[in-house]
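All residue numbers for the sequence shown refer to the numbering used here, where the first residue is 779 and numbers rise by one. Virtual Cβ for every residue (Gly too), placed ideally from N, Cα, C.
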Amino acid sequence: MKALVSIICSLSILQAKTHPSPSDPQATEEVKILLKRLHDQSEKGIMIGHQDATAYGVGWKSGTGKSDIKEVCGDYPAVYGWDLGDIHLNQNLDGVSFSEMKRLIREADARGGINTISMHLDHPISGRNAWDNTKVVGKLLPGGTANEKFLTTLDLVASFLADLKREDGSFIPIILRPFHEHSEQWPWWGLSHCEDGEFIALWRMTVNYLRLTKQLHHILYAISPQDVVDEKDYMEGYPGDDYVDIFGLDYYKIWKHRDVHKMGEALSMVAKLAHSHGKISALTETGIDKVPISNWWTERLLPALNHDKWSRKTAWALLWRNKSRGHHFGPYHGHQSAPDFTKFYDSELTIFEGQTGMPKVRAAQEKLIKNQHCLSNVAKVVQQGKVIYHGAVNSTFPGDRPITDDTLFPIWSMTKPITSVAAMILHERGLFGLDDPVSKVIPQLSQLKVHNQKGVVEPIKREVTFRDLLRHTSGVYGYDGSFHEEGTWKEIIELKSLSEMIDLLVKQPLKHHPGERYTYGMSTAILGRAIEIISEQDFASFLEKEIFHPLGMEETSFHLNKIDREQRFQPLFVKEKENFRRGTKAEDELYYQPGSALALGGEGLISNLRDYSRFCQMLVDRGRTRDGNKIISEETLSIMLSDQMGETPGFGGKRSPNKLGLGFYVLENPELGGNGAPKGIYGWGGYHTTHFWIDPVNELYAIFLTRLYPTPSERLQIFRTAVYESLGP
């Protein structure tokens, strides 16, 4: 039974990772990218949109670059809503000229925004507005008396859509919402005004006309009934998977606290339906007029969006328009709900335009693949607790595996900062001093010998201290030279415990006397054993109790089960000369065996982007979790980031232009860290081309993960430069 459950779970994971495909077989590449972006973004948060966001607002008109939402929270919405009502005139039913609308759509697209378009088309026979619900749909279908007249209206729609192009001539991908709110009484296309099958026929005819007759393939189609709460009602009038890309829902009934649960359930229902059809779900319209409840954003809308794991898969939530003080669905500067909207903006769930942008970072990731600096890779940049960039760029190299947030990486030396924090937790509890000899807890270390300059083995001048382990000045051999040639590393990875590792390491003479200079090697692994002894619990359990569990790092471990190794563990690639090849089992080096007590504190952890992000955010937050609980004190973290080397020679026996703290490098020379990087950023990297850094000045962290050996020197420079160029001055 357990095996069957594992298989079912594995299949579910694989299915969930599959990106949906456009319903249009001839969809442009831009549409495919947009659909993948919607899918990927829905796994990270919910994009917030606004109807006519930059066209007008409360007390202003277009042309100013303004947005009511931007005036309140400092950022544009991520999604823009537009409408083609009155398409036969020079301006739409909301008074926005179509030429101006095209300009604003292009500007939003250039910033990284997503554009959606609804169609409040006039009644095709009476010429009155869309609210004239006299029966007409049957007459619009092929063979109907008004078919040709209606197609002339679709010609105008097609002409507008065909004019939406980028500077390079490619089409801007558009999400079209034809015949929205068909579940309602008000529109002439409503189901209650159609005979059986007429609405479906109208939808299919419209889509086919735009696709086949007009050859427009830059469109995703969203269906969006209003305020429905069960599957049967939602699927009434559904035109089929070949004609729909997005399962939308217009939902406005959210006034009281009791409405929150009902809306959350509705969003969850739509998301489940969408998933079962291989589609995306979205809250295509929402809001309450004039927003009379001052905390509506965080006490109504946010908890509804955050109802459960399915509601959180909603790709975007679009607020209706801001016409005036007497008719608006979003906040504006000075409105009573504006302070609460700022809290809504600060939520980890909500995503605005600035958090979906940073095209230079994505371009840098693509450049790294194109220039053969790495293969599939993922990057994340978070500032002040908000994701400002999060994207994976996948290669097409044979055997490479697409990266998702669930992908597991051997983080190698990115284990060291975690172990260093763990040790300093014990230090601030008074359980050891930085200049205490480690032999106090590991007596064998008092027996260490050293190779002098003549190669002769002699006693050490002084004992290895905890500070030596934390700053890599113990003299314990590194990962190269005789350490590998003599087979020491190969012997270590075959061991079953850290105590066995100590017994092996003390037999090896040190590379130099403790404290003389920097040598990168097994010092932090020894620190892990010291933590075991001091804490009176195994090292992995200590990390789980003191760091992983408080931070919610649920998938960071020293072990890897068979299913995860086969399905989620990113394969290693090795670059030889100018070619990539798949790494061998021996080149993977560590086994990550379940049940093994060999928890190497310097190199042994497996993690993913989601988990390591939580560790980084704790560092940005000066040693605290997001809810304020202490992992390590700010004072202790300051000690870790202070220069611990002084005039002691660093890497290569030379004085480093940057600082080395306890478990971190600390950047002193911005020119070495990439254009625009400030003084004081700190971080560490891993053997297979992983890296992170913390920027205290900008309250930012950045992570880059791929799987390649050897690490290309250009990779960090390219990535970091792109991040700081994107941030601007």
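Nearest candidate by alpha-carbon position, reference residue i, set the options
i	options	result
K848	K1031, K1457 and G1108	G1108
A1000	Q1371, L1329, G1379 and W1094	W1094
N907	G1042, L871 and L1368	L871
H1314	G1464, F1497, R1099 and V1219	What sits at residue 1314 in the sequence shown is Glu, not His. Ranking G1464, F1497, R1099 and V1219 by Cα distance to E1314 puts V1219 first.
T1487	L1419, T1362 and P1456	In the sequence as presented, Thr is not what sits at residue 1487; that position holds Tyr. Comparing Cα-Cα distances from Y1487 to each of L1419, T1362 and P1456, the minimum goes to T1362.
T1185	F1347, D1316 and E1206	F1347
E926	A856, M897 and T984	T984
A1170	P1188, V1199 and T1134	T1134
D1389	K1355, W860, M1423 and P1328	P1328
F1175	L1212, D1019, Q1225 and F1351	F1351
V740	T1499, H1205, L812 and D802	Nothing about residue 740 can be read from this structure; the chain reaches only from 779 to 1507.
G947	G1163, M1192, E808 and K913	E808
P1490	K1040, G1461 and K1355	K1355
V1235	K1164, G1382, K1031 and Q1286	Q1286
K913	L1283, Y834, I895 and E973	E973
L1383	Y1369, K1148, C1394 and Q1143	Y1369
M1300	V1254, K1268, V1022 and G1265	V1254
C1394	F977, G1380, G1042 and M1192	M1192
R1240	E885, A1116, K1101 and V1216	V1216
I1312	H1205, L1387 and G843	H1205
F1187	G921, V1069, G1464 and K1148	G1464
Q1004	R1360, H958 and F938	H958
F1064	G1056, L1080 and H1055	Looking at the sequence provided, one finds Thr at residue 1064 rather than Phe. Among G1056, L1080 and H1055, the Cα nearest to that of T1064 is on L1080.
Opposing strand residues paired with residue i [DSSP bridges]
i	result
Q869	S875
H1106	N1100
R1402	K1408
K839	Y834
F1119	The partner list for F1119 (beta bridge, DSSP) is empty, contrary to what the question assumes.
I826	A1095
K1437	V1444
A1060	G1026
L1508	In the structure as shown, the chain starts at 779 and stops at 1507, and residue 1508 therefore has no counterpart that could be examined.
Buried or exposed by the 16-neighbour rule on C-beta atoms within 10 Å, applied to residue i
i	result
V1038	buried
V1475	exposed
H1105	exposed
R1103	exposed
H1291	buried
W967	buried
L1248	buried
R1099	buried
H1035	exposed
T1484	buried
T991	exposed
D1405	exposed
L1509	Outside the shown range of the chain (779 to 1507) lies residue 1509, about which nothing can therefore be said.
P951	buried
I811	exposed
N1447	exposed
L782	Summary for L782: the model assigns pLDDT 32, below 50, so the residue's position carries little reliability, and this model does not support an answer.
R1343	exposed
Neighbourhood of residue i by C-beta distance below 6 Å, restricted to the same chain and skipping five residues each side
i	result
N1073	D1118
E1412	R1400 and G1401
L1494	H1469
L1378	A1303
K1138	A1500, E1503 and S1504
S790	With a pLDDT of 36 at S790, under the threshold of 50, the predicted position of this residue should be treated as unreliable, and no value is reported.
R1140	G1169
Close beta carbons around residue i, own chain, < 8 Å, minus the five adjacent residues each side
i	result
S1059	S820, I1024, F1025, G1026, L1027, L1045, V1048, A1049, L1051, A1052, H1053, K1091, T1092 and A1093
K1323	Q1315
P1237	K1227 and V1228
D774	The chain is shown from 779 up to 1507; residue 774 falls before or after that span and cannot be answered.
S840	T832, A833, Y834, V874, E878 and L882
P1372	H1337, L1338 and N1339
Beta-carbon proximity list for residue i, same chain, < 7 Å, skipping 5 on both sides
i	result
Q1422	R1245, R1249, L1438, G1439 and L1440
A1200	I1309, F1320, L1321, E1324 and I1325
Runs of alpha helix (DSSP H) wholly within the segment 907-995 (minimum 4 residues, chain order): 915-918, 925-940 and 976-986
Going along the chain, which unbroken runs of the alpha helix (DSSP H) with 4 or more residues stay wholly within the segment 1215-1268? 1244-1249 and 1260-1263
Which residue spans inside the segment 1004-1055 form an unbroken beta strand (DSSP E) run of at least 3? 1024-1029
Unbroken beta strand (DSSP E) runs of length 3 or more, entirely within the segment 1349-1393: which are they? 1351-1354 and 1357-1360
What ranges does the alpha helix (DSSP H) occupy inside the segment 1134-1187, keeping only unbroken runs of at least 4 residues that lie completely in it? As far as the segment 1134-1187 is concerned, its whole alpha helix (DSSP H) runs of at least 4 residues are 1137-1148.
Threshold first: 4 residues or longer. Then list the alpha helix (DSSP H) segments lying entirely within the segment 1265-1344, N to C. Taking only runs of at least 4 residues, the alpha helix (DSSP H) segments lying wholly in the segment 1265-1344 are 1266-1270, 1276-1283, 1301-1313 and 1317-1321.
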